[in-house]
Every structure is written in structure tokens, then in C-alpha cells.
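Numbering (my numbering), first residue to last: 4 to 306. In this text, a Cβ means the ideal position worked out from N, Cα and C, and glycines have one as well. Being a predicted model, the structure only gives us computed values, none of them experimental. Working notes, beginning with the structure itself.
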Amino acid sequence: MTGYVVYVDQVLAGNLLLNYILLWTAGRLSQVRTTIFRLVLSSALGSVYALFFFVPGFNQLFSLPLKIFFSSLMVVGAFAPLPLKRLLACLVFFYLSSFALGGIWLGFIYFLYSNSDFATAVNQTLHIIQRYFWPGLLLALATLMGGGRVLALLMQLRLEQQAHRVGLVVEVEGRRVEVCGLVDTGNSLRDPLTGHPVIVVEYTALLTILPPAVRQIIEEAGDSSDPSVLAALAGTGWAARLCLIPFRSVGQEQGMLIGIRPDRVEILQKDGSTGVHQVVVGIYRHTLGSYQALVPPAVVKAA
Numbered sequence: 004m005t006g007y008v009v010y011v012d013q014v015l016a017g018n019l020l021l022n023y024i025l026l027w028t029a030g031r032l033s034q035v036r037t038t039i040f041r042l043v044l045s046s047a048l049g050s051v052y053a054l055f056f057f058v059p060g061f062n063q064l065f066s067l068p069l070k071i072f073f074s075s076l077m078v079v080g081a082f083a084p085l086p087l088k089r090l091l092a093c094l095v096f097f098y099l100s101s102f103a104l105g106g107i108w109l110g111f112i113y114f115l116y117s118n119s120d121f122a123t124a125v126n127q128t129l130h131i132i133q134r135y136f137w138p139g140l141l142l143a144l145a146t147l148m149g150g151g152r153v154l155a156l157l158m159q160l161r162l163e164q165q166a167h168r169v170g171l172v173v174e175v176e177g178r179r180v181e182v183c184g185l186v187d188t189g190n191s192l193r194d195p196l197t198g199h200p201v202i203v204v205e206y207t208a209l210l211t212i213l214p215p216a217v218r219q220i221i222e223e224a225g226d227s228s229d230p231s232v233l234a235a236l237a238g239t240g241w242a243a244r245l246c247l248i249p250f251r252s253v254g255q256e257q258g259m260l261i262g263i264r265p266d267r268v269e270i271l272q273k274d275g276s277t278g279v280h281q282v283v284v285g286i287y288r289h290t291l292g293s294y295q296a297l298v299p300p301a302v303v304k305a306a
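In C-alpha cells, the structure reads:
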């Protein structure tokens, strides 16, 4: 009669390391801070729980409700007290990390195992896992930690971008258009005549508030930096609103933006909206990526 030898130290140490990484990853992904001591304590709880899997007579401990209970207890021990939604987010990330790590781990184990007889490999699964337990686990942990770090950085970057996102409403002669802007610390443009800050807005986002005559002249001018562009607009009712704004950019030492002086720009924020009058809108003929406007910090502060 053949048997399978279970090494207690391997089960405890392996699960302790595994649980620690899973809890750490869940905390990073859910943006929740905790201490190393609490992570180790909760990891030890899960490690002892896993050990009972190999003890006869404790099969009832591994029913689905009790699995959920013990995993929830580990998450609570590592991250509580938190609002219920944040705790649930930690628990979800803990499960997702567990499933991902389990698949990666087994994948590396079978990748390291070299045998052309797949049926034999399936029949000897426990022996394969025992032989490649630590190499497979370490490779899986390295993959999970690297992926978790990248995902956390991407989420942080997205949150930072959302924090710098601002809504704008540009109003001219009763016409209004709403655009999505990015607060850009690199935008220090000023109207050379009035000194007012300049909000750079994509031309296509302003089409509905620009009269046909103005649109035609802007399109004919293209990227021209010739000041004579204003002369062509002198005959329109918008002559007093228009100006040329000099700027510098990569690949272009000196350029000109056609600017308009709106009646009002409304800054839309979470706590309400505020009108700003001393501002100029610079018309940008190209795209700005995920946003339609680049807003100087001075405009947001003034709001």
C-alpha cells in the first residue's frame, strides 16, 4: 500500500508565505494600509487552517461556508476596521489573487516537469507537486508580485488622472459647450495683451459655439502662425474676442494659437461649479488624447 508523506514544516512555511503574499497583494490592489505583524498573524491563521486538511476527521472544516468564513477572518484580521465595502473589496482581491496564483503555480510546476507521458504525469500529480513545490511556488510568487505591482501602479496612475480631471463649460453669446479637461501644470500660457491664463481646447470641441465665418477662417489658416490671420477676422463680430497667443512646444520653437475671450468659463467640480471670467480659450487644431482641454492650475485656484 502506497502513501503520501506530508511534511508539516513545508505545509506551514509554504502556506505562511503564500498567504502573506496574497494578503499583501489584496491590500495593494485595494489601496488599504496595514502592518507586517497583522499580515503575518493572519497568514499564520490560514496556514494552520490548511494543515487540518491532512488531519483525518476534519473534512467538515473545508466545506464552502467554512472556507469563506476562514478566508474572511484572515482579511478582517489583516485590514479591519474598514467600511464594509472596503473589506469586501479586500476579500474579492484576495480571492482573485488566490485563483491567479494557483493557476500560475501549477502552470510553472508542469512547465518544469519534463515527461512525454501525460497520463503518467496526471497520475503522479501529488509527487510532481512535491518535487517542484518550492521552485513552482517561488516563480508563481515572483510573477504575482510583479503583476500586482504593475497593476497597483496603473490603478494609482488612473486615480491621479481622475483627481486632475475637471469639467468645463465655455459660454459665448449664449452658446455653451461642455468639455473634459486636465489640470496641466505645464500649461503656463498667458494672453500677451491682458495677462489672463489660457485654457487650451481642441478645435473640434468648440465647433458648436463658433460662427461659420470664424470656423472657415480658422480652417483656412490651419497651423499658420502669421499674425495677419486676425486681419481676416477683423470684419466679423468676433473681432474684439480674438487674439493670437504665442507658444512653444516640442518640435516647434515658436507657434501661435488663435484665442477667443469667452463670456464665461464654468469650472465643474465635485462640490459644485464656479464661473471664471478673466480667461482666454486657445484653439488647438490637433487632438489632446483622452482630454479635450488643458487647464492651467491658476484657473482652478481662481474658481
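Leu48 - partner residues in DSSP beta bridges: Position 45 of the sequence shown, counted from the first residue, corresponds to residue 48. Its beta-bridge partners do not exist; DSSP assigns none.
Same chain, Cβ closer than 8 Å to Gly254, five either side skipped, listed in chain order: As a working note, residue 254 is residue 251 in the sequence shown. The predicted model places Gly254 with a pLDDT of 48, which falls under 50 and marks its position as unreliable; any figure quoted below should be read in that light. Setting aside the 5 residues that flank it on each side, Gly254 has no residue in the same chain whose C-beta is closer than 8 Å to its C-beta.
Distance between Phe61 and Gly49 (C-alpha atoms, nearest Å): By 1-based counting over the sequence shown, the position of residue 49 is 46. By 1-based counting over the sequence shown, the position of residue 61 is 58. So the two alpha carbons sit approximately 15 Å from each other.
Contact under 8 Å by Cβ, Ser279 with Ile286: Residue 279 sits at position 276 when you count from the first residue of the sequence shown. Residue 286 sits at position 283 when you count from the first residue of the sequence shown. At residue 279 the sequence reads Val, which differs from the Ser that was named. Not a contact, by the Cβ cut-off of 8 Å.
Same chain only: Cβ atoms within 7 Å of His167, ignoring 5 sequence neighbours per side: Counting from 1 along the sequence shown, the entry for residue 167 is found at position 164. These residues qualify, in order along the chain: Leu185 and Val186.
Cutoff 8 Å; reference Gly262; Cβ partners in own chain excluding five residues on either side: Position 259 of the sequence shown holds residue 262. Taking Gly262 as the centre and dropping the five residues before and after it, the same chain places the C-beta of Asp194, Val201, Leu245, Cys246, Leu247, Ile248, Val283, Val284, Gly285 and Ile286 closer than 8 Å to its C-beta, in chain order.
The segment 214-221 / the segment 293-300 touching (three or more Cβ pairs under 8 Å): Remark: fewer than three beta-carbon pairs, one from each stretch, lie closer than 8 Å, so the segment 214-221 and the segment 293-300 are not flagged as touching.
Val58 classed as buried or exposed, judged by whether at least 16 other C-beta atoms fall within 10 angstroms: Here residue 58 is taken as the residue at index 55 of the sequence shown, counted from 1. Counting other Cβ atoms within 10 Å of its Cβ, Val58 stays below 16 and is therefore classed as exposed.
Of the listed residues Gln272, Val175, Gly258 and Ser191, nearest to Ala243 (C-alpha basis): Within the sequence shown, the letter at position 240 stands for residue 243. Relative to Ala243, the option among Gln272, Val175, Gly258 and Ser191 whose CA is nearest is Val175.
Met4, DSSP secondary structure in three states: On the sequence shown, residue 4 is found 1 positions in, with the first residue counted as 1. Any reading at Met4 is ruled out, since the residue's pLDDT is 43, under 50, leaving its predicted position unreliable.
Spatial neighbours of Leu64 in its chain, beta-carbon cut-off 6 Å, leaving aside the 5 residues before and after: By one-based count along the sequence shown, residue 64 stands at place 61. Once the five neighbours on either side are set aside, the close Cβ partners of Leu64 are Phe55.
Start and end residues, beta strand (DSSP E) containing Ser276: Numbered from its first residue, the sequence shown carries residue 276 at position 273. Run containing Ser276: Gly275 to Val279, per the beta strand (DSSP E) assignment.
Pairwise C-alpha distance: Leu67 and Ile24: Along the sequence shown, read from residue 1 onward, the residue named residue 24 stands at position 21. Along the sequence shown, read from residue 1 onward, the residue named residue 67 stands at position 64. Ile24 and Leu67 have their alpha carbons spaced roughly 23 Å apart.
DSSP state of Tyr23 mapped onto helix, strand, coil: The residue you call residue 23 lines up with position 20 of the sequence shown. Note: Tyr23 maps to helix in three-state DSSP.
Buried or exposed (CB count within 10 angstroms, at least 16 for buried), Phe72: Position 69 of the sequence shown, counted from the first residue, corresponds to residue 72. Residue environment analysis places Phe72 among the exposed positions, since fewer than 16 neighbouring C-beta atoms fall within 10 angstroms of its C-beta.
N- and C-terminal bounds of the alpha helix (DSSP H) containing Gly80: Stepping through the sequence shown from its first residue, residue 80 is reached at position 77. Leu67 to Phe82 is the span of the alpha helix (DSSP H), which, as asked, contains Gly80.
Asn18 to Tyr52 span [Cα, whole Å]: Numbered from its first residue, the sequence shown carries residue 18 at position 15. Numbered from its first residue, the sequence shown carries residue 52 at position 49. So the two alpha carbons sit approximately 10 Å from each other.
Backbone CA spacing between Ser75 and Phe102 [nearest angstrom]: The sequence position of residue 75 within the sequence shown is 72, counting from 1. The sequence position of residue 102 within the sequence shown is 99, counting from 1. If you take the alpha carbons of Ser75 and Phe102, they lie about 16 Å apart.
Beta-carbon spacing of Leu2, Val78 below 8 Å: Only positions 4 to 306 of the chain appear in the structure, and residue 2 is not among them; the question remains open.
Where Glu176 falls: helix, strand or coil (DSSP): Position 173 of the sequence shown, counting from 1, holds the residue named residue 176. Judged by DSSP in its simplified three-state form, Glu176 adopts coil rather than helix or strand.
Any C-beta of chain D under 8 Å from that of Gln63: Any reference to chain D falls outside this structure, which holds one protein chain only.
Beta-carbon proximity check, Trp27 vs Leu42, cutoff 8 Å: Residue 27 sits at position 24 when you count from the first residue of the sequence shown. Residue 42 sits at position 39 when you count from the first residue of the sequence shown. In this structure, Leu42 lies closer than 8 Å to Trp27 by Cβ.
Limits of the unbroken beta strand (DSSP E) element including Ala296: The count along the sequence shown starts at 1 and reaches residue 296 at position 293. From DSSP, the beta strand (DSSP E) with Ala296 extends over Ala296 to Val298.
Residues bridged to Arg315 [DSSP beta-bridge criterion]: Since the first residue shown for the chain is 4 and the last is 306, residue 315 is missing from the structure and cannot be characterised.
Secondary structure of Leu15, DSSP reduced to three states: The residue labelled residue 15 in the question sits at position 12 within the sequence shown. Reduced to three states, the DSSP call for Leu15 is helix.
Length of the line joining the Cα atoms of Leu192 and Leu260: Position 189 of the sequence shown holds residue 192. Position 257 of the sequence shown holds residue 260. Straight across, the Cα-Cα distance linking Leu192 with Leu260 is about 10 Å.
Per DSSP, the bridge partner or partners of Ile261: Locating residue 261 in the sequence shown gives position 258, counting from the first residue. Ile261 is bridged to Leu247 and Ile286.
Helix, strand or coil at Pro195 according to DSSP, with G and I counted as helix: Numbered from 1 along the sequence shown, position 192 holds the residue referred to as residue 195. Three-state DSSP puts Pro195 in coil, outside helix and strand.
Contacting residues, own chain, Cβ-Cβ under 6 Å from Asn190 (five flanking each side not counted): Here residue 190 is taken as the residue at index 187 of the sequence shown, counted from 1. Take Asn190, set aside five residues on each side of it, and the residues of its chain with a beta-carbon closer than 6 Å to its own are Leu297 and Pro299, in chain order.
Where Leu213 sits in the DSSP three-state scheme: If you number the sequence shown from 1, residue 213 lands on position 210. In the three-state scheme derived from DSSP, where H, G and I count as helix and E and B as strand, Leu213 is classed as coil.
Residue(s) in a DSSP beta bridge with Gly184: Position 181 of the sequence shown, counting from 1, holds the residue named residue 184. The partner list for Gly184 (beta bridge, DSSP) reads Val169 and Ala296.
Nearest-angstrom Cα separation, counted from Gln272 out to Lys304: Counted from its first residue, the sequence shown places residue 304 at position 301. Counted from its first residue, the sequence shown places residue 272 at position 269. Rounded to the nearest angstrom, the two C-alpha atoms are 12 Å apart.
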